[in-house]
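Going by the numbering used here, the sequence shown opens with residue 169, and the numbers climb by one from there.
Glycine included, each C-beta is placed from N, C-alpha and C at the ideal position.
Okay, structure first, notes after.
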Amino acid sequence: MRIAGGKHAIASVVLCVGLATFFMLEWSNSARATQVLAADLALHFVCSHTVRSDVEAKTELFLRGNSFRVLNLAEIQRRHNFYFFETQMEGMRHGQATIRLSSVLGAHSRYAFALYSRPPTSRLSDLEDAVLRFISSDLGCQTRQIQRGANGKERQRYFDADLKRIENLFEQADQINAERRI
Numbered sequence: 169m170r171i172a173g174g175k176h177a178i179a180s181v182v183l184c185v186g187l188a189t190f191f192m193l194e195w196s197n198s199a200r201a202t203q204v205l206a207a208d209l210a211l212h213f214v215c216s217h218t219v220r221s222d223v224e225a226k227t228e229l230f231l232r233g234n235s236f237r238v239l240n241l242a243e244i245q246r247r248h249n250f251y252f253f254e255t256q257m258e259g260m261r262h263g264q265a266t267i268r269l270s271s272v273l274g275a276h277s278r279y280a281f282a283l284y285s286r287p288p289t290s291r292l293s294d295l296e297d298a299v300l301r302f303i304s305s306d307l308g309c310q311t312r313q314i315q316r317g318a319n320g321k322e323r324q325r326y327f328d329a330d331l332k333r334i335e336n337l338f339e340q341a342d343q344i345n346a347e348r349r350i
């Protein structure tokens with residue numbers, strides 16, 4: 169039993185170190201603007217009347233309904249008593265698009281959402297519109313600071329690196345969940 173508990177702790181630490189590395193890389197990349205991806209759609213939204221658990225559950229259903237594989241990292245962290253973010257979700261769709269949803273600890277009703285498509289950017293207009301409708305109608309939240317970006321073909325390697333990062337997070341989560349069933 170102690171060994172299984174040790175495996176959970178190690179797996180949790182690996183996931184946390186991975187997240188810390190990600191944020192260090194994100195910070196490093198933001199310092200070199202020539203090496204980052206622009207989100208096809210980036211926005212902030214405020215959910216004054218919708219609790220976090222509903223935002224996460226409804227968002228996960230919405231994304232799965234739009235063919236995304238979704239990983240709720242904050243839920244995994246909560247199970248292991250780590251609290252980096254109240255909400256942190258990553259998703260990918262057939263290696264062609266990724267999403268990121270997060271909130272900062274303590275900012276109970278504020279969220280950031282980003283959608284990226286494989287460069288060169290080919291607008292996923294139907295999905296972008298569906299995201300905006302979902303946030304305002306289904307979640308009952310207010311959108312703020314909507315921004316649309318584009319990436320040329322030269323940014324493809326950055327998309328591929330981010331896609332690989334997300335795939336690695338799914339693998340780590342699968343390992344944690346497998347160990348938890350033992």
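Rounded distance between the beta-carbons of residue j and residue i, thought under 8 Å
i           : j           : result
residue 162 : residue 226 : Outside the displayed range of the chain (169 to 350) lies residue 162, so it cannot be described from this structure.
residue 254 : residue 220 : 6 Å
residue 208 : residue 285 : 5 Å
Rounded separation between residue i and residue j - CA only
i           : j           : result
residue 328 : residue 214 : 30 Å
residue 259 : residue 230 : 12 Å
residue 289 : residue 262 : 16 Å
residue 239 : residue 325 : 22 Å
residue 317 : residue 247 : 35 Å
residue 343 : residue 302 : 32 Å
residue 211 : residue 346 : 35 Å
residue 337 : residue 245 : 12 Å
residue 279 : residue 243 : 16 Å
residue 205 : residue 323 : 7 Å
residue 300 : residue 249 : 32 Å
Of the residues the options, the one placed nearest residue i, counting alpha carbons only
i           : options               : result
residue 237 : 244, 266, 216 and 218 : 266
residue 282 : 343, 308, 313 and 335 : 313
residue 218 : 206, 310 and 235      : 310
residue 319 : 343, 342, 335 and 287 : 287
residue 228 : 268, 336, 330 and 321 : 268
residue 233 : 208, 285 and 298      : 298
residue 335 : 257, 280 and 209      : 257
residue 216 : 275, 250 and 204      : 275
residue 223 : 251, 308 and 321      : 308
Test: residue i CB closer than 8 Å to a CB of chain B
i           : result
residue 211 : In the structure shown, chain B does not exist; there is a single protein chain.
Local conformation of residue i per DSSP, three classes
i           : result
residue 231 : helix
residue 204 : coil
residue 198 : Interpretation of residue 198 is limited by its pLDDT of 49, a score under 50 that renders its predicted location unreliable; the figure taken from the coordinates is listed afterwards. Three-state result, residue 198: helix.
residue 254 : coil
Completely contained alpha helix (DSSP H) runs for the region 275 to 348, where each covers 4 or more residues: As summarised for the region 275 to 348, the continuous alpha helix (DSSP H) elements at least 4 residues long and confined to that stretch are 293 to 301, given in chain order.
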